[in-house]
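Only one structure is covered here, and it is reproduced in the block below.
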Amino acid sequence: MGSFLFAGPTGVGKTELAKQLAAQLAVPLLRFDMSEYMEKHSVSRLIGAPPGYVGFDQGGLLTDAVSKNPHSVVILDEIEKAHPDLFAILLQVMDHATLTDNNGRKTDFRNVILIMTSNAGATDMTTRQVGFAEREDAKVGDPKAALERTFSPEFRNRLDRIVVFKSLPPEVILQVADKMLRELQLQLADRKVTFSFAEAARAWVARKGYDKLYGARPMARLLDEEIKAKLVDELLFGKLEHGGHVTVDVGADDKLTFRFDAPEPETPPAPAKPETLLN
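Quick note: the sequence shown uses our numbering, first residue 1, plus one each step.
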């Protein structure tokens with residue numbers, strides 16, 4: 001259905017966009033980390049071992065996965081790390097939407113969306129000025145020059161589109177924080193715990209959880225250390241053991257504050273009055 005290259009800095013949502021696309025289309029997401037296919041011999045794992053090698057009678061990881069899920073989104077993460085032999089295999093997929101494994105079985109890719117992510121060109125997205133101060137808006141030209149150095153013309157020519165991701169603006173960072181906080185609310189709902197964040201707390205998570213180099217990746221770690229770790233004791237042995245409500249705000253020392261409201265105990269029903277026996 002299409003082949004795309006998502007390029008840009010780390011932590012800006014390339015893989016997350018592929019996940020959301022698969023969720024919206026209600027199809028499986030098949031993810032392959034290309035750091036596992038840096039050696040020449042490892043590429044054969046995707047289409048099966050050649051004759052005379054162990055596992056020849058078995059299919060490849062990629063061909064088997066697509067055969068079982070003909071309607072799917074396939075994501076090849078950090079494609080620039082893969083061995084060059086892999087690109088020769090992908091040319092057949094992008095040209096004819098088929099891939100033949102080492103047993104001669106053809107796998108149909110006509111209903112597959114192929115997405116490849118890459119960090120190539122990320123360093124060309126921003127630049128630092130020489131001097132005592134750094135400019136936040138310092139930028140250079142088109143990062144596609146780095147992509148042209150990394151990927152061959154025949155590979156780029158077969159892509160339907162190259163999508164270049166830029167660093168996240170503040171309003172998008174706040175949306176990422178809201179998404180992660182909603183996921184936390186769903187997790188706590190299973191323990192009958194409700195959650196509310198003050199506006200200052202939302203802004204605190206967005207500000208502390210974003211890094212210029214690593215994007216929004218540190219935000220999940222921030223939630224683990226600053227919020228989830230402080231809720232564990234209350235959930236297991238404290239005020240939230242039987243449910244309750246948590247209110248999160250920011251104190252004067254620029255740290256999160258928590259208020260735990262335990263649920264009101266249920267009033268047991270009044271015992272029934274004994275019936276009067278009549279003689």
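Glycine residues also receive a C-beta, built at the ideal position from the N, C-alpha and C atoms. Only a predicted model underlies this, so the values are computations on that prediction, with no experimental measurement involved.
{"Item": "Counting C-beta neighbours from all protein chains within 10 Å, is the total for Ala229 16 or more, i.e. buried, or is it exposed?", "Value": "exposed"}
{"Item": "Give me, in chain order, the residues of the same chain whose beta-carbon lies closer than 7 angstroms to that of Gly215; leave out the 5 immediate sequence neighbours on both sides.", "Value": "Pro9, Thr10, Gly11, Val12, Leu168"}
{"Item": "Mark Ser196 as exposed unless 16 or more other C-beta atoms lie within 10 angstroms of its C-beta, in which case mark it buried.", "Value": "exposed"}
{"Item": "Could you round the C-beta distance between Phe32 and Leu62 to whole angstroms and report it? I think they count as a contact, below 8 angstroms.", "Value": "7 angstroms"}
{"Item": "Have a look at His71 and Glu241 and give me their C-alpha separation to the nearest angstrom.", "Value": "44 angstroms"}
{"Item": "By alpha-carbon positions, which one of Ala7, Leu184, Phe260 ends up nearest to Asp233?", "Value": "Phe260"}
{"Item": "Identify, in the order they occur along the chain, each residue of the same chain with its Cβ nearer than 8 angstroms to the Cβ of Val66, setting aside the five sequence neighbours on each side.", "Value": "Leu30, Ser72, Val74, Leu99, Thr107, Asp108, Phe109, Val112"}
{"Item": "Could you have a look at Met34 and say whether DSSP puts it in helix, strand or coil?", "Value": "helix"}
{"Item": "I'd like the ranges of any alpha helix (DSSP H) spanning at least 4 consecutive residues and lying wholly in the segment 203–234.", "Value": "218–223"}
{"Item": "Flag Leu46 as yes when its Cβ comes closer than 7 angstroms to any non-hydrogen atom of the ligand HEM, and as no otherwise.", "Value": "Absent from the structure shown: the ligand HEM. Ligands present: none."}
{"Item": "Assuming contact is defined by CB atoms lying nearer than 8 angstroms, are Lys40 and His83 in contact in what I supplied?", "Value": "yes"}
{"Item": "Note the first and the last residue of the continuous alpha helix (DSSP H) segment covering Arg191.", "Value": "Run containing Arg191: none; DSSP gives neither H nor E here."}
{"Item": "Do the segment 193–207 and the segment 242–253 touch if we need at least three Cβ pairs shorter than 8 angstroms?", "Value": "yes"}
{"Item": "Thinking C-alpha only, which one of Thr150, Ile115, Met34, Gly104 is nearest Met94?", "Value": "Ile115"}
{"Item": "Is the separation between the beta-carbon of Thr15 and that of Glu80 shorter than 8 angstroms?", "Value": "no"}
{"Item": "What is the C-beta distance between Met219 and Val176, in whole angstroms, given that I count them as a contact (C-beta under 8 angstroms)?", "Value": "6 angstroms"}
{"Item": "Tell me the rounded alpha-carbon separation between Ile89 and Val163.", "Value": "22 angstroms"}
{"Item": "When you compare each of Leu17, Asp190, Arg191 to Thr117 by their alpha carbons, which one comes out closest?", "Value": "Leu17"}
{"Item": "Rounded to a whole number of angstroms, what is the C-alpha to C-alpha distance between Asn103 and Ser44?", "Value": "12 angstroms"}
{"Item": "For Val193 and Gly243, which I take to be in contact (beta-carbon distance under 8 angstroms), what is that distance rounded to the nearest angstrom?", "Value": "6 angstroms"}
{"Item": "Count the other CB atoms, across all protein chains shown, that sit within 10 Å of the CB of Asp224; report buried if there are 16 or more and exposed otherwise.", "Value": "exposed"}
{"Item": "Please return the same chain residues whose Cβ sits closer than 6 angstroms to the Cβ of Asn69, not counting the five positions on each side in sequence.", "Value": "Pro28"}
{"Item": "So what does DSSP say about Val282, is it helix, strand or coil?", "Value": "Any property of residue 282 remains undetermined from this structure, which presents the chain solely from 1 to 279."}
{"Item": "Would you decide whether Leu213 is buried or exposed? Buried here means 16 or more other CB atoms lie within 10 Å of its CB.", "Value": "exposed"}
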